[in-house]
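Everything in the sequence shown is counted per this note's numbering, starting at 1 for the first residue and increasing by one.
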Amino acid sequence: MNFTAIDFETATSYHPCSVGIVTVENGIITDEFVTLIKPPNNIYNPFTIQVHGIYPRDTVNAKSFAQVFPEIEKRLKNRVVVAHNESFDRNVLVKSMLLYGLNYDDLNIAPKWECTVKIYKAKGIKPTKLSDCCREMNIKLNHHEALSDARACAKLYMLR
1 MNFTAIDFET ATSYHPCSVG IVTVENGIIT DEFVTLIKPP NNIYNPFTIQ VHGIYPRDTV
61 NAKSFAQVFP EIEKRLKNRV VVAHNESFDR NVLVKSMLLY GLNYDDLNIA PKWECTVKIY
121 KAKGIKPTKL SDCCREMNIK LNHHEALSDA RACAKLYMLR
C-alpha cells in the first residue's frame, strides 16, 4: 500500500496557509511534512481563522506557495494521492499551481484523487466529516491542523 495523503488549510477560498503531507510505503508512514504558507498579500478570511487558528501574524514570514512547491512536488509526483474531501484539496493545489504558472500535469497524478469521504460514506458512516470518521475508527486527530488531518486521512485510507 503506497500512497501520499495531503491536507491544505486555507486563508481564503483556495489560497493555502498550511499544508500537511504524509507518505505511506508498504502500509507504513515513512515521511511527514508540514509547513505554513504565506497566502497572496497575507490576506485571510476571518471565518477560516476561526476554523484552523492560523493568523496572518503566523505566516507573515512564511514561504509562498511557489517557494514551498518543490517540497510538495517531490512528495506527490507519480503517486497515488489521497485526501479527505479530495475535490477541495485538489482544487487548492490546481488553482495555486495555476496562479504561479506551474503545470498540474507535470505531477503525473490522477485527475481525481482517492477520497476518504467517499470511501467512508460507502461504508455507511454518517456524517463523514474527518472528525466523525476518526472518532468512528478510533484515530487520534487534532482537527484542522494540516499534518494531523493528513495523518488521519492516511490512517483512514489504510483501514478502508
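Note that beta-carbon positions come from the ideal geometry of N, C-alpha and C, so glycine has one too.
- Annotation for E9: the continuous beta strand (DSSP E) segment containing it runs F3 to T12.
- Check the Cα spacing between E136 and each of W113, A150, P127 and N142: the tightest is with P127.
- Taking C-beta separations shorter than 8 Å and ignoring five residues to either side along the sequence, the partners of N108 in its chain run K77 and N78, following chain order.
- Counting only runs of at least 4 residues, the stretch 26-101 fully encloses the following alpha helix (DSSP H) elements, listed from N- to C-terminal order: 46-52, 56-59, 65-76 and 86-99.
- Under the three-state reduction of DSSP, E136 is assigned to helix.
- For T128, the secondary structure class from DSSP, reduced to helix, strand or coil, is coil.
- Secondary structure note for I119: its alpha helix (DSSP H) is the uninterrupted segment T116 to A122.
- Excluding its 5 nearest sequence neighbours in each direction, P16 has C-beta neighbours in its own chain below 8 Å: F8, E9, T10, I37, P39, F65, V92 and S96, listed in chain order.
- By the Cβ test, the stretch 135-150 is not in contact with the stretch 102-119, since fewer than three Cβ pairs between them sit closer than 8 Å.
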